[in-house]
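**Q**
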Ligand code: GH3
Ligand code: MG
Ligand code: MG
Ligand code: MG
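Residue numbers (the numbering used here): 14 to 422.
#1: Per DSSP, residue 336 forms a beta bridge with which residues?
#2: Do you know whose CA, among 139, 148 and 112, lies nearest residue 129's CA?
#3: What span of residues does the beta strand (DSSP E) with residue 147 cover, start to end?
#4: Report the option in 151, 250 and 271 whose CA atom is closest to the CA atom of residue 204.
#5: Around ligand 1, what residues have a beta-carbon under 7 Å from a heavy atom of it, in chain order?
#6: Quick one, which of 366, 200 and 346 has its alpha-carbon nearest residue 396's?
#7: When DSSP labels each residue in this structure, what does residue 227 get in the three-state scheme?
#8: Report yes or no: do three or more beta-carbon pairs, one from the stretch 397-409 and one from the stretch 305-322, lie closer than 8 Å?
#9: From which residue to which residue does the alpha helix (DSSP H) around residue 358 run?
#10: Would you decide whether residue 215 is buried or exposed? Buried here means 16 or more other CB atoms lie within 10 Å of its CB.
#11: Any contact between the stretch 270-289 and the stretch 327-345? By contact I mean 3 or more CB pairs, one from each, below 8 Å.
#12: Three or more beta-carbon pairs under 8 Å between the stretch 140-147 and the stretch 187-200, yes or no?
#13: Over what stretch of residues does the alpha helix (DSSP H) that includes residue 182 continue unbroken?
#14: What separation, rounded to the nearest whole angstrom, lies between the Cα atoms of residue 303 and residue 374?
#15: Is the distance from the Cβ of residue 257 to the Cβ of residue 306 below 9 Å?
#16: On the DSSP bridge assignment, give the partners of residue 272 in chain order.
#17: Using C-beta distances below 6 Å, list every residue in its chain close to residue 88, excluding the 5 sequence neighbours before and after it, in chain order.
#18: Output the residue ranges of the beta strand (DSSP E) runs that lie fully inside the stretch 367-409 and measure 3 residues or longer, sorted by chain position.
#19: Measuring straight from C-alpha to C-alpha, what distance separates residue 249 and residue 390?
#20: Grouping DSSP H, G and I as helix and E and B as strand, with all else coil, what is residue 263?
#21: Are the stretch 107-120 and the stretch 130-140 touching, with three or more C-beta to C-beta distances below 8 Å?
#22: Would you report the Cα separation of residue 310 and residue 301, rounded to the nearest angstrom?
#23: With DSSP collapsed to three states, give me the class of residue 321.
#24: How far does the beta strand (DSSP E) with residue 207 in it extend, from its first residue to its last?
#25: Sorted by chain position, which residues of the same chain lie with C-beta nearer than 7 Å to residue 287's C-beta, five sequence neighbours on each side aside?
#26: Relative to the alpha-carbon of residue 202, which residue among 236, 125, 237 and 165 has its alpha-carbon at the smallest distance?
#27: Which of helix, strand or coil does DSSP assign to residue 416?
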């Protein structure tokens, strides 16, 4: 009985991952065929590989019972050379419309320690490959429904993270056919009658190529991940995890471009911790660092998910508030100011009370403003007003109120 893994086909058939084949009837049948006689090698056995799903499932289940374990989970004996760098055996799909030859090839491949599934025409192979993503396809050239050449072309469209090594088999020995095959994306070819030692060499080379390709693809994934990580680290303030000046510059430019193109608005707020020098002087720099972290965490929690927090420098932070008017921005900042106060971090004794922040809010770039930083300058003027008016308060850009007030015009 053949032992192996079932692969269900949509047409009610299944393919069997051959791991070992011992069907006597099948062997006799195959031994009698002309192909078998041409290719016979003592170690070869053959078995019917495509069968009704019910029949195959029954056979596999019966054998599982016989062995006292599930044969579907069984892996083939795979020597170091048949396994790739994942430590897994190469998965080969044999596509051949001649039943005897198909059986003989799959037996030989299993004997070499590889996993093998079979398909009897190009279309069936294509359906199976789209689901199973084989490492190697060993395909006949002339087949009903879909030729080996067309199957090869389609297979190439699936290559990406994995690579399928495609070997074309053909009785046609003229060189121009091989060139056509290579142009369609085949990696190698083998002529019929198939010399099994030659096939062994071809599969070794296939194992090497697919393994290298997988390694390369994994390295690329790692490189991309590292590059994304370093991109993010280069734009993050290490102490507070807020965005840094580089990220701020990039984001501001993006917001302003969006504003100019689509009329989206945004607000900018500058936030400064009050009397922070006194805190540092009273409790030391490391304690001051901890306050910066706590204040940043508190502000992040108080902001909406689309709002962006940056460390502008020292004990100053900046927030971009997308899609908010000056009034809405001021309201959001009032919420932020009270949350910082409610953390209740005791200030230096000479100041008294707790850590507070002052905030200046301005709307994003206006028409005619040359620099992307012009809105920050207006927010800074508002912040200065907040400090002057006694700290722990929010002030808005006064120039905007005048400009928007029709009475004042
Ligand atoms: P004001 O209310 O006017 O803003 O007073 P202030 O004391 O906060 O402002 P000032 O500009 O006089 O001092 C800012 C202080 O912030 C001084 C500096 O040591 C402190 N500071 C800046 N960056 C850091 C930092 O990374 N860690 C710590 N611990 N302190 C910092
Ligand atoms: Mg054929
Ligand atoms: Mg300051
Ligand atoms: Mg300050």
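Virtual Cβ for every residue (Gly too), placed ideally from N, Cα, C.
**A** The relevant details are as follows:
#1: Residue 336 pairs with nothing; no bridge assigned.
#2: Of 139, 148 and 112, the residue nearest in Cα terms is 148.
#3: From DSSP, residue 147 is part of no beta strand (DSSP E); its letter is neither H nor E.
#4: 151
#5: Shown in chain order are the residues whose CB sits closer than 7 Å to a heavy atom of ligand 1: 252, 285, 286, 287, 288, 289, 290, 291, 293, 298, 301, 302, 305, 327, 328, 371, 400 and 404.
#6: 346
#7: helix
#8: Touching, no, given that fewer than three Cβ pairs across the two stretches are closer than 8 Å.
#9: Here residue 358 belongs to no alpha helix (DSSP H), and DSSP marks it neither H nor E.
#10: buried
#11: Counting Cβ pairs under 8 Å, three or more are found: they touch.
#12: no
#13: Premise fails: residue 182 lies in the beta strand (DSSP E), 178-183, not in any alpha helix (DSSP H).
#14: 26 Å
#15: no
#16: In DSSP, residue 272 forms no bridge with anything.
#17: For residue 88, the predicted model reports a pLDDT of 39, less than 50, meaning its position is unreliable; a value from the coordinates is still stated below. Excluding sequence neighbours, residue 88 sits near nothing in its chain.
#18: 370-376 and 407-409
#19: Each residue's alpha carbon lies about 23 Å from the other.
#20: helix
#21: yes
#22: 14 Å
#23: strand
#24: From DSSP, residue 207 is part of no beta strand (DSSP E); its letter is neither H nor E.
#25: Excluding the 5 residues flanking it on each side, residue 287 has same chain C-beta neighbours closer than 7 Å at 369, 370, 371, 404 and 405, in chain order.
#26: 165
#27: Unreliable placement is indicated for residue 416, whose pLDDT of 46 sits below 50; the coordinate value is still reported in the next sentence. In this structure, residue 416 counts as helix in the three-state DSSP scheme.
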